[in-house]
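S.K.: The sequence shown begins at 27 in our numbering and counts up one residue at a time.
For each residue, glycine too, the CB sits at the ideal point set by N, CA and C.
Note that the coordinates shown come from a computational prediction; the quantities given were computed from them, not determined experimentally.
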Amino acid sequence: MSVRSFRETKLYKMAGIIVPTVLLLFYPLIGCNQGVDLADTGYNIATYRFMTSWDGYWTLAMFLANALGYLLTCLPGGSTLLGLNIYTGLILGAGVVFTYHFLSRKLPWLCVFVGELIALGLCWCPSSILYNYLTYLMMLAAIGVLYVGLTRRDNRMLFLAGVILGINVFVRFSNLTQMAFILAVWFYVLGSAKWDLGKGWFATILRPTLWCIGGYAAGALAVLLLIAVTVGLPYYVDTILRLGSMSKSSEGYSVLSMLVDAWKDYASVVPWLILMAVCCVAGMILFRLFGEKSWRWVKIAVYCVGLLVLLRLLWGRRILDTDYYSIGSVWYFANMLVVLAYVVNGICLLKEREDRELQLLSVFSLITLLIAPLGTNNHAYATINNLFLVAPVTVFLLCRYCIRGRSFPVKAMVLFFLVCITWQTIGFHTFYVFGDSSSYEKRDTKIENNAILKGIVTSKRKAANLESLSEYIVQNGLQDKTLYLYGNIPGLAYYLDQQPEIPMLWPDLESYEKDAFWQDLYALKGKAKGDRPLFVIHIAQASIADKQVTYLGETPQLKELAGYKLDCIYQFMEEENYTRTFQNELFVVYE
27 MSVRSFRETK
37 LYKMAGIIVP
47 TVLLLFYPLI
57 GCNQGVDLAD
67 TGYNIATYRF
77 MTSWDGYWTL
87 AMFLANALGY
97 LLTCLPGGST
107 LLGLNIYTGL
117 ILGAGVVFTY
127 HFLSRKLPWL
137 CVFVGELIAL
147 GLCWCPSSIL
157 YNYLTYLMML
167 AAIGVLYVGL
177 TRRDNRMLFL
187 AGVILGINVF
197 VRFSNLTQMA
207 FILAVWFYVL
217 GSAKWDLGKG
227 WFATILRPTL
237 WCIGGYAAGA
247 LAVLLLIAVT
257 VGLPYYVDTI
267 LRLGSMSKSS
277 EGYSVLSMLV
287 DAWKDYASVV
297 PWLILMAVCC
307 VAGMILFRLF
317 GEKSWRWVKI
327 AVYCVGLLVL
337 LRLLWGRRIL
347 DTDYYSIGSV
357 WYFANMLVVL
367 AYVVNGICLL
377 KEREDRELQL
387 LSVFSLITLL
397 IAPLGTNNHA
407 YATINNLFLV
417 APVTVFLLCR
427 YCIRGRSFPV
437 KAMVLFFLVC
447 ITWQTIGFHT
457 FYVFGDSSSY
467 EKRDTKIENN
477 AILKGIVTSK
487 RKAANLESLS
497 EYIVQNGLQD
507 KTLYLYGNIP
517 GLAYYLDQQP
527 EIPMLWPDLE
537 SYEKDAFWQD
547 LYALKGKAKG
557 DRPLFVIHIA
567 QASIADKQVT
577 YLGETPQLKE
587 LAGYKLDCIY
597 QFMEEENYTR
607 TFQNELFVVY
617 E
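(1) Among L511, I563, E617, which one has its Cα closest to the Cα of D557?
(2) Check the DSSP bridge columns for I452 and list the partner residues they point to.
(3) Mind reading off the beta-carbon distance from I565 to D546? Whole number of angstroms is fine, and I expect it under 8 Å.
(4) Would you decide whether E407 is buried or exposed? Buried here means 16 or more other CB atoms lie within 10 Å of its CB.
(5) Spell out the partners DSSP gives L472 in its beta bridges.
(6) Can you list, in chain order, the stretches of the alpha helix (DSSP H) that have 4 or more residues and sit fully within the region 351-412?
(7) Excluding the 5 residues preceding and the 5 following L252 in the sequence, name in chain order all residues of the same chain whose CB lies nearer than 6 Å to its CB.
(8) Considering only the beta carbon of each residue, do F443 and E142 sit closer than 8 Å?
(9) Measure from the C-beta of K319 to each C-beta in chain E and report whether the shortest distance is under 8 Å.
(10) Using the beta-carbon count (16 or more within 10 Å), is T67 buried or exposed?
(11) Thinking just about the alpha-carbon of each residue, which of V122, D287, W84, Q505 is nearest to the one in D523?
(12) Taking G241 as the reference, which of M205, S496, E611, G192 has the closest Cα?
(13) Taking DSSP as the reference, what is the three-state secondary structure of V575?
(14) Tell me which residue opens and which closes the alpha helix (DSSP H) that L252 is part of.
(15) Report buried or exposed for P102, applying the criterion of at least 16 other Cβ atoms within 10 angstroms of its Cβ.
(16) Output the residue ranges of the alpha helix (DSSP H) runs that lie fully inside the region 299-345 and measure 4 residues or longer, sorted by chain position.
(17) Please classify V48 as buried or exposed, where buried requires at least 16 other C-beta atoms within 10 Å of its C-beta.
(18) Just to confirm, is the Cβ distance from F454 to G147 under 8 Å?
(19) By a C-beta neighbour count over all protein chains shown, 10 Å radius and 16 as the cutoff for buried, is P54 buried or exposed?
(20) Buried or exposed: where does A87 fall if 16 or more other Cβ atoms within 10 Å of its Cβ makes it buried?
(21) Which same chain residues end up closer than 7 Å to I473 when comparing Cβ atoms and leaving out the 5 residues on each side of it in sequence?
(22) Taking only the alpha-carbon atoms, compute the straight-line gap between V440 and C425 and give it to the nearest angstrom.
(23) Pull up the distance between the alpha-carbon of I397 and that of Y261, whole angstroms please.
(24) Mind reading off the beta-carbon distance from V419 to S391? Whole number of angstroms is fine, and I expect it under 8 Å.
(25) Thinking C-beta only, is L64 closer than 8 Å to K518?
(26) Measure from the alpha carbon of R131 to the alpha carbon of each residue in N181, L94, Y173, L163, then state which is nearest.
(27) For I570, which of helix, strand or coil comes out of DSSP?
(28) Give the DSSP bridge partners of H564, in chain order.
(29) Alpha carbon to alpha carbon, what distance is there between N92 and L107?
(30) Less than 8 Å between the C-beta atoms of C100 and N411, yes or no?
(31) Going by DSSP in three states, P526 sits in which element: helix, strand or coil?
(32) Give every residue of the same chain whose Cβ lies closer than 6 Å to the Cβ of A417, excluding the five residues on either side of it in the sequence, and list them in chain order.
(33) Taking C-beta to C-beta, are Y83 and L269 nearer than 8 Å?
(34) Closer than 6 Å by C-beta to S465: which residues in its own chain qualify, once you throw out the five before and the five after it? Chain order, please.
(35) Among the candidates N476, S388, L511, whose CA atom is the shortest distance from the CA of E497?
(36) According to the neighbour-count rule (16 or more other Cβ atoms, all chains shown, within 10 Å of its Cβ), is S388 buried or exposed?
Here you go:
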């Protein structure tokens, strides 16, 4: 049976449906019982957990993500970290399955599957941080609907795509950048025979644009109406304005800074891509020696040895790092994939003029790459975490332009790259947990005596200190006390299941400026002993015995701000006659 006839069999077609669906759905659940992050992960989940009882600064700013998180915590087992990890992992898997089936209608299923496997493997961010993943999944849904609306000339689908993107703004405000997808509408309409250009280009693009804008406005207004009914618009607007004023001093959030930081990361891997290209050129020269067909197997063997040498070089320089407890294991290859995505999708726009639908996918991919860094100061990390559309399209285009009909050196190098990045992402996805453990302090201890963390595996040191803190809280009947947390430990509010006392759960943040910090802290002054919060401070922030502050931070401004905050906290506790009542290796409690 030939390869072509095999691809036409029911067995092959069923394999392309069932196997990827099952694997992609459950792949995000690997490691769902692993790791305790005291910072970002617990911080976000605490916002879900206390959404209806606590007036947190970020509760309404990420309204829909927090609302979904709150609903998940109300499901059976959702109140535990393990249960929430399972629910959010399945949501992520279901979204990726949708994207797989959408793309595999146009692209070969194997290319799409490999791309989605890579994209999932590069998700360094925990699935429980919903403001990221709900953003991605709604964006993917909008892209799918927009694709159908454009290719079938269906204005209703254009309207629905607008509705989805309008709603997505209330997952997080930086999603406003997704308005850039209107560029894909204009690109497709102006170059497609399905859209009549007889009335001029402006008149032609005006109607689909208005349908998209109408849907966008309808989606946004629907959520605003929900907010007006539940919390009231004046309060909502006041909260958002207050948040905006808090982050004025955060230079990392300027548009220029966000783009420059991401592109610096992309540029750092270009020399390695050039090295691979040079190897391809050297291989092509090798294969032309003594004629194209003579000594072919010898040349193939020589080139494969060269690839092994390249592999050793990449491993020796830690470009291909086998420390899968670190994001460094995928960092360079992930950024190389992004650079290649820009290249091959750009080529697609120039070359595939007869295939407007493929060009449309490339436009969607390029827009996704361009807007991904906006709204965050995480450099290229935000891009790497959101390649669910880009990776499959890029894998296909790499195969289309570099494997089909090309010489052996080019084919071998592309396969070498795809095998390396796939292998690295599988290892990374299996071992890495954000905010927990390393190759030097591995996760080997299961937490048992904390109701929220029961069944979660973390390092022996972290497990022992979390369990001893939990035991102290329970034995002394302090479960109903509110918490004031300092030292990059906002997750303790969720792990101890105790409500934060002030609107800012994470006082360490630079965006939480001095004035707001001081006002919130001194608003606690004069409370009766039974009503005042527990202060829990991470021991790494200060030397508790003599109160000599160890200022942390990368810049003098951050050091000064951290010092000011700790000085204020110690002064407040001294004025209010707080005493240290508990201490272990990680935490200190003041009552």
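M.R.: Checking against the coordinates, here is how it stands:
(1) Counted from its first residue, the sequence shown places residue 557 at position 531. Comparing Cα-Cα distances from D557 to each of L511, I563, E617, the minimum goes to E617.
(2) Taking the sequence shown and counting its residues from 1, one reaches residue 452 at position 426. Answer is none; I452 lacks a bridge partner.
(3) Working through the sequence shown from its first residue, we reach residue 565 at position 539. Working through the sequence shown from its first residue, we reach residue 546 at position 520. With 8 Å as the limit, I565 and D546 do not qualify as a contact, their Cβ atoms being about 23 Å apart.
(4) The count along the sequence shown starts at 1 and reaches residue 407 at position 381. It should be noted that the sequence gives Tyr, not Glu, for residue 407. Buried.
(5) Working through the sequence shown from its first residue, we reach residue 472 at position 446. As written in the sequence, residue 472 is Lys, which differs from the Leu given in the question. In the DSSP output, where bridge partners are listed per residue, K472 has V483.
(6) 354-377, 382-397, 407-410
(7) The residue you call residue 252 lines up with position 226 of the sequence shown. None.
(8) As a first step, residue 443 must be located in the sequence shown, where it is residue number 417. As a first step, residue 142 must be located in the sequence shown, where it is residue number 116. The answer is no: Cβ separation not under 8 Å.
(9) Of the protein chains in this structure there is only one, and it is not chain E.
(10) On the sequence shown, residue 67 is found 41 positions in, with the first residue counted as 1. Classification for T67: buried.
(11) Along the sequence shown, read from residue 1 onward, the residue named residue 523 stands at position 497. For the residues V122, D287, W84, Q505, the minimum Cα distance to D523 belongs to Q505.
(12) Your numbering for residue 241 matches position 215 in the sequence shown. The residue with the shortest Cα to Cα distance from G241 is G192.
(13) Counting from 1 along the sequence shown, the entry for residue 575 is found at position 549. Note that V575 has pLDDT 42, beneath the 50 cutoff, so the model's placement of it is unreliable and no number is given.
(14) If you number the sequence shown from 1, residue 252 lands on position 226. Unbroken alpha helix (DSSP H) run through L252: 227-256.
(15) As a first step, residue 102 is located in the sequence shown; it is residue number 76 there, counting from the start. P102 is exposed by the Cβ-count criterion.
(16) 322-342
(17) Numbered from its first residue, the sequence shown carries residue 48 at position 22. So V48 counts as exposed.
(18) As a first step, residue 454 must be located in the sequence shown, where it is residue number 428. As a first step, residue 147 must be located in the sequence shown, where it is residue number 121. In contact: F454 and G147 (Cβ atoms closer than 8 Å).
(19) Counted from its first residue, the sequence shown places residue 54 at position 28. Buried: at least 16 other Cβ atoms inside 10 Å.
(20) Counting from one through the sequence shown, the residue named residue 87 turns up at place 61. With 16 or more other Cβ atoms within 10 Å, it is buried.
(21) Here residue 473 refers to the residue found at position 447 when the sequence shown is read from its first residue. Hits under 7 Å: L479, K480, I482, T484, A489, L492, E493.
(22) Your numbering for residue 440 matches position 414 in the sequence shown. Your numbering for residue 425 matches position 399 in the sequence shown. Answer to the nearest angstrom: the Cα atoms are 8 Å apart.
(23) The sequence position of residue 397 within the sequence shown is 371, counting from 1. The sequence position of residue 261 within the sequence shown is 235, counting from 1. Straight-line Cα distance between these residues: approximately 30 Å.
(24) For the purposes of this step, residue 419 is taken as residue 393 along the sequence shown, with counting starting at 1. For the purposes of this step, residue 391 is taken as residue 365 along the sequence shown, with counting starting at 1. About 5 Å separates the two Cβ atoms, so the contact holds.
(25) To locate residue 518, count along the sequence shown from 1; it is residue 492. To locate residue 64, count along the sequence shown from 1; it is residue 38. Residue identity differs from the one stated: residue 518 is Leu in this sequence, not Lys. Taking 8 Å as the Cβ cut-off, L518 and L64 qualify as a contacting pair.
(26) Residue mapping note: residue 131 aligns to position 105 of the sequence shown, counting from 1. Closest option to R131, Cα to Cα, is Y173.
(27) Here residue 570 is taken as the residue at index 544 of the sequence shown, counted from 1. Residue confidence is low: I570 scores 39 on pLDDT, short of 50, so the model does not pin down where it sits. No coordinate-derived value is stated.
(28) Against the sequence shown, residue 564 aligns to sequence position 538. For H564, which the question treats as bridged, DSSP gives the partners F613.
(29) Reading the sequence shown from its first residue, position 81 is the one you call residue 107. Reading the sequence shown from its first residue, position 66 is the one you call residue 92. Each residue's alpha carbon lies about 16 Å from the other.
(30) Here residue 100 is taken as the residue at index 74 of the sequence shown, counted from 1. Here residue 411 is taken as the residue at index 385 of the sequence shown, counted from 1. Contact: no.
(31) Mapped onto the sequence shown, residue 526 falls at position 500. If DSSP states are grouped into helix, strand and coil, P526 belongs with the strands.
(32) The residue given as residue 417 occupies position 391 in the sequence shown. Only G141, I144, A145 meet the Cβ criterion.
(33) One-based indexing of the sequence shown puts residue 83 at position 57. One-based indexing of the sequence shown puts residue 269 at position 243. Yes, Cβ-Cβ distance for Y83 and L269 is below 8 Å.
(34) What you label residue 465 is simply residue 439 of the sequence shown in a count that begins at 1. Closer than 6 Å at Cβ, skipping near neighbours: D349, Y351.
(35) Against the sequence shown, residue 497 aligns to sequence position 471. Comparing Cα positions, the closest option is N476.
(36) For the purposes of this step, residue 388 is identified with residue 362 of the sequence shown, where counting begins at 1. Buried, by the Cβ-count rule.
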